[in-house]
Each structure stands twice: as structure tokens, then as C-alpha cells.
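Please read the structure below before turning to the comments.
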């Protein structure tokens, strides 16, 4: 299945792209997507997505819904859109 992934802030810097389409296995979860991104982009992505201090500040949305750590087992559907990055701060 195909999933559109968009990146904000330091995640965009880590990937070098604003967005991309990834091919995942049917039944893949958000956790599977994160593993896929770490395999594709390496150590910097692993630190951003799994280092507890940084990870707590990372925002992930699936089809517009903000996810929590408890949602990492949520299944992704074909055509889903995922956004990953640091949330914007206003002032």
C-alpha cells in the first residue's frame, strides 16, 4: 500500500524532502512506518524518533488525527497521509 509522508522542521532536514510516498505492507502500523523511516534514513532519524527527550516533542498525525504513544499500533490504510515533525509554536 502507498502512504504519503510529510515532514516538518528537523525531520525535513533529516530526510532532505518535504514529502514522499512510501510503499508499506498491507496491515502496517504507525510503528512499522517509523521502523521503515529509520531503515531508510539511518542513525539521525533513529535518534529523532526514538531518543526520549526529542521523541516527546515530535508530533505525528495520521489522516489529520494527532497520535499519542499509545496509538503507535494503529493500522495505516492505503492512501493515508502521515505528518511528522516538531509542532509549530506561536507567539
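Residue numbers (this note's numbering): 128 to 218. Here a beta-carbon is modelled for each residue, glycine too, at the ideal position from N, C-alpha and C. Source: prediction; values computed, not measured.
Secondary structure note for residue 187: its beta strand (DSSP E) is the uninterrupted segment 186–189. Between residue 213 and residue 133, the gap from beta carbon to beta carbon reaches 7 Å or more.
In the three-state DSSP reduction, residue 141 falls in the helix class (H, G or I). For the pair residue 148 and residue 131, the CB atoms are nearer than the 7 Å cut-off. Bounds of any alpha helix (DSSP H) do not take in residue 148; it lies within the beta strand (DSSP E) bounded by 146–150. When 177, 197, 199, 204 are compared, the shortest CA-CA separation from residue 190 is found for 204.
The shortest CA-to-CA distance from residue 150 to any of 163, 194, 200 is the one to 163. Between residue 200 and residue 156, the C-beta spacing is below 7 Å.
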